[in-house]
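If you count the sequence shown from 1, position 93 lands on 215 in the numbering used here, and the numbers rise without skipping.
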Amino acid sequence: SEAERREGIVLELTREKEGLRRQRDSRAAELELIQEKDQQIAMALKEGEKLSIRLMEVEGKNRQLKKELGGRAGALSGIKSSLATTREALDALTARAKALEISERSSVEARDAAERRLRELTVNSRSKLEA
């Protein structure tokens with residue numbers, strides 16, 4: 123009858139309404155999830171931007187340090203070269219000093235021998251004069 127038919131329509135419309143409400147609630151939850159994901163993406167992008175800036179700063183510092191290291195390596199090379207030259211000069215002076223020391227000893231020995239010979243000759247000449 124008409125009442126049953128209307129009751130069936132009302133029941134069907136009620137079910138349809140509940141289905142639409144569930145869809146709406148589901149879409150609202152999805153929308154909320156999408157908004158959360160958008161916020162997470164925005165935060166990740168912001169953090170990535172900060173990290174990118176920090177990376178550029180670190181790379182710049184690395185380039186600067188490499189440049190300084192290259193300059194110091196050149197200076198170190200110059201110092202090593204200077205040290206080698208100084209060592210060579212020191213070795214030459216040490217050898218010259220040893221040679222002069224030997225020469226001085228020889229001269230002292232020769233002088234001492236000459237003085238002894240002179241005394242001997244002096245003693246011999248006095249002895250001959252007194253005789």
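We put the beta carbon where it would ideally sit given N, CA and C, even for glycine.
In the three-state reduction of the DSSP assignment, Ser-174 falls in the helix class. Note on geometry: alpha-carbon atoms of Ala-195 and Ala-221 lie some 39 angstroms from one another. Put simply, the backbone Cα of Arg-146 is about 31 angstroms away from that of Leu-167. In the three-state scheme derived from DSSP, where H, G and I count as helix and E and B as strand, Ser-249 is classed as helix. Rounded to the nearest whole angstrom, the CA to CA distance from Lys-159 to Leu-135 is 35 angstroms.
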